[in-house]
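Novice:
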Amino acid sequence: MSDGIIAAMKLSALGEFELIELIKIAVRPTHQPSSETSARIMVDIGDDTAAWSGSDLVQLATTDSLVENVHFKFRWCTWEDLGHKSLAVNLSDIAAMGGRARFALVSLSCPGDVDSDQVLEYYRGMTRLATKHEVVIIGGNLTSSPVVTSTVCVFGEAFPDHILTRGAANPGDAIVVTGTLGSAAAAIALLGDRAVSAEAVPAPLLRALVRPEARLSEAQLLVDLGVRCAIDISDGLLSDLGHICECSGVSATLHAAQVPLSPEYRGTAELHTKYALVGGEDYELLFACDPSLVPQVAEALMCPVTVVGEITSRTVSPAVTVLDHEGLPLDVGRPGWRHFAL
């Protein structure tokens with residue numbers, strides 16, 4: 106259904122400008138009259154650029170793309186899922202900086218035989234998440250393409266002394282994660298078998314893959330409590346902890362047995378742990394802080410938090426050591442997702 110506006114049409118028949126008019130209606134709920142963000146908009150969708158009034162805060166910007174058959178397949182991802190996730194992965198970057206998301210630009214490339222209803226489903230999924238976090242969709246781009254590609258750019262803000270970065274870890278800090286890890290990677294592994302339908306994948310695992318939730322509120326609480334080092338887990342726990350170590354000039358020890366796993370996964374514990382360490386697409390927060398802060402963080406945050414390791418020392422050769430349940434070094438192979446890797 107196209108929200109009662111017109112009957113569904115192929116994009117090739119509908120046309121670009123007619124589709125833009127439908128999209129303007131679809132994203133209207135993100136323009137909330139009572140919203141501080143909406144009040145700052147000076148020029149909206151339909152002009153050469155969007156324009157909004159600035160502020161004295163530090164400005165944040167991030168962008169990410171999801172490409173059909175690289176990051177998702179419509180065999181298990183709906184158009185509404187795609188809209189949600191396209192925005193969520195960018196909101197997660199803003200959360201990792203301790204910021205508040207404000208505006209979004211949305212670029213969608215797709216074949217001409219896609220239905221207008223499908224595009225509106227995409228914007229419906231995105232609009233629901235945007236409205237939840239008071240993010241205003243202010244423009245974007247449409248283009249024809251052999252496969253579907255969704256690119257979103259999000260702009261946010263943070264107080265100058267309240268920014269989370271990868272370079273603020275110190276020796277003695279606890280390494281902490283929110284939520285559970287490995288669910289999205291487990292879902293991908295199950296879906297890799299074409300005989301397995303999306304319906305056969307445990308719902309919590311599939312939802313973790315296609316409907317991740319950015320930890321924006323939790324990140325705000327972290328900075329209020331004095332945490333200054335964080336990253337979101339997109340490439341995998343081991344890989345993203347490595348980024349913190351490299352930026353901070355430190356080494357770290359990670360205890361595999363302490364990594365929080367989803368109870369819905371029905372495979373072996375060994376394989377589940379590997380998914381959690383190197384699978385990626387968790388979009389949970391990974392942060393380092395003084396151990397004395399952990400009880401306050403655990404009480405304040407609206408999700409589980411787990412200490413999974415510690416920052417060990419300053420070094421010119423940053424490294425992460427993973428220990429198994431017996432305290433012995435564990436080799437987990439490639440540390441995480443890397444584009445262009447063979």
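Residue numbers (this note's numbering): 106 to 447. For each residue, glycine too, the CB sits at the ideal point set by N, CA and C.
If you count every other CB in all the chains shown that lies within 10 Å of the CB of glycine 109, and 16 or more means buried, which is it?
Specialist: Since pLDDT at glycine 109 reaches only 45, below the 50 mark, its modelled position is unreliable, and no value is offered.
Novice: Considering only residues of the same chain and omitting the five flanking positions on each side of valine 172, which have a CB-CB separation below 6 Å?
Specialist: Thr254, listed in sequence order.
Novice: Tell me, to the nearest whole angstrom, how far the beta carbon of leucine 359 is from that of valine 427; I am working on the premise that it is less than 8 Å.
Specialist: Correct: roughly 5 Å between the Cβ atoms.
Novice: Taking the alpha-carbon of threonine 276 as reference, which of Ser322, Leu406 and Ser356 has the nearest alpha-carbon?
Specialist: In the sequence as presented, threonine is not what sits at residue 276; that position holds proline. That would be Ser356, whose Cα lies nearest to the Cα of proline 276.
Novice: Could you pull out every unbroken alpha helix (DSSP H) segment of at least 4 residues lying fully inside the region 320-390, listed in chain order?
Specialist: 321-330, 342-353 and 374-383
Novice: Taking the straight line between their C-alpha atoms, what separation do you get for leucine 382 and arginine 133?
Specialist: So the two alpha carbons sit approximately 40 Å from each other.
Novice: In whole angstroms, what separates the C-alpha of threonine 378 from that of isoleucine 243?
Specialist: 41 Å
Novice: Please identify the residue among Val332, Gly284 and His430 whose C-alpha is closest to the C-alpha of proline 309.
Specialist: Gly284
Novice: By Cβ distance below 7 Å, which residues in the same chain neighbour leucine 346 in space, the five residues on each side in sequence not counted?
Specialist: Ile280, Ala357, Leu359, Leu391 and Val425
Novice: Can at least three beta-carbon pairs, one atom from the region 307-325 and one from the region 367-375, be found at a separation below 8 Å?
Specialist: yes
Novice: Where glutamine 401 and threonine 411 are concerned, what is the direct C-alpha to C-alpha distance, given to the nearest angstrom?
Specialist: 13 Å
Novice: Considering just the uninterrupted stretch of the beta strand (DSSP E) at arginine 419, what are its terminal residues?
Specialist: 410-419
Novice: By the 10 Å Cβ neighbour count, where 16 or more other Cβ atoms means buried, how is asparagine 195 classified, buried or exposed?
Specialist: buried
Novice: Can you tell me whether arginine 299 is buried or exposed? The criterion is at least 16 other CB atoms within 10 Å of its CB, across all chains shown.
Specialist: Its Cβ having fewer than 16 others within 10 Å, arginine 299 is exposed.
Novice: DSSP three-state call for threonine 183: helix, strand or coil?
Specialist: coil
Novice: Would you identify the three-state DSSP class for glutamine 137, choosing helix, strand or coil?
Specialist: Reduced to three states, the DSSP call for glutamine 137 is coil.
Novice: So that I know if they touch, is there some Cβ in chain D lying closer than 8 Å to that of glycine 261?
Specialist: Of the protein chains in this structure there is only one, and it is not chain D.
Novice: Thinking just about the alpha-carbon of each residue, which of Glu389, Val219 and Gly217 is nearest to the one in alanine 313?
Specialist: Glu389
Novice: List in chain order: all unbroken alpha helix (DSSP H) runs of 4+ residues lying wholly within the region 166-212.
Specialist: 184-201
Novice: By DSSP, does alanine 305 sit in helix, in strand, or in coil?
Specialist: helix
Novice: How far does the beta strand (DSSP E) with phenylalanine 260 in it reach, from first residue to last?
Specialist: It spans 254-263 - the beta strand (DSSP E) in which phenylalanine 260 sits, taken as one unbroken run.
Novice: Considering just the uninterrupted stretch of the alpha helix (DSSP H) at isoleucine 100, what are its terminal residues?
Specialist: In the structure as shown, the chain starts at 106 and stops at 447, and residue 100 therefore has no counterpart that could be examined.
Novice: With contact counted as at least three CB pairs below 8 Å, one residue from each stretch, are the region 263-276 and the region 223-232 in contact?
Specialist: no
Novice: What number of angstroms, rounded off, separates the C-alpha of leucine 192 from the C-alpha of proline 317?
Specialist: The C-alpha of proline 317 is placed about 10 Å away from the C-alpha of leucine 192.
Novice: Here's a check: name, in chain order, each residue in its chain whose Cβ is nearer than 6 Å to the Cβ of tyrosine 227, leaving out the five neighbours to either side.
Specialist: Trp184, Leu187 and Gly188
Novice: Which residues share a DSSP beta bridge with aspartate 220?
Specialist: Lys115
Novice: In terms of DSSP beta bridges, what is alanine 242 paired with?
Specialist: Checking the sequence shown, residue 242 turns out to be isoleucine, not alanine. Answer is Ala209.
Novice: Hey, out of Tyr380, Leu326, Gly341 and Cys350, whose CA is closest to alanine 200's CA?
Specialist: Leu326
Novice: Aspartate 198 and aspartate 340 - do their beta-carbons sit closer together than 8 Å?
Specialist: no
Novice: Closest by CA to valine 421, which one among Asp153, Cys352, Glu415 and Cys394?
Specialist: Cys352
Novice: Which first and last residues belong to the beta strand (DSSP E) in which leucine 296 is found?
Specialist: Segment 288-296 is the alpha helix (DSSP H) holding leucine 296; no beta strand (DSSP E) there.
Novice: Looking only at its own chain, which residues have a Cβ that is under 6 Å from the Cβ of leucine 119, when we skip the five neighbours before and after it?
Specialist: Ser221
Novice: Pull up the distance between the alpha-carbon of glycine 272 and that of lysine 115, whole angstroms please.
Specialist: 48 Å
Novice: Ignore the nearest five residues each way along the sequence and tell me which others in threonine 168's own chain have a CB closer than 8 Å to its CB.
Specialist: Asn195, Thr256, Val257, Cys258 and Val259
Novice: Between aspartate 387 and alanine 235, which are expected to be in contact by the criterion C-beta below 8 Å, what is the C-beta distance as a whole number of angstroms?
Specialist: Not quite, the Cβ-Cβ distance comes to about 22 Å (not below 8 Å), so this is no contact.
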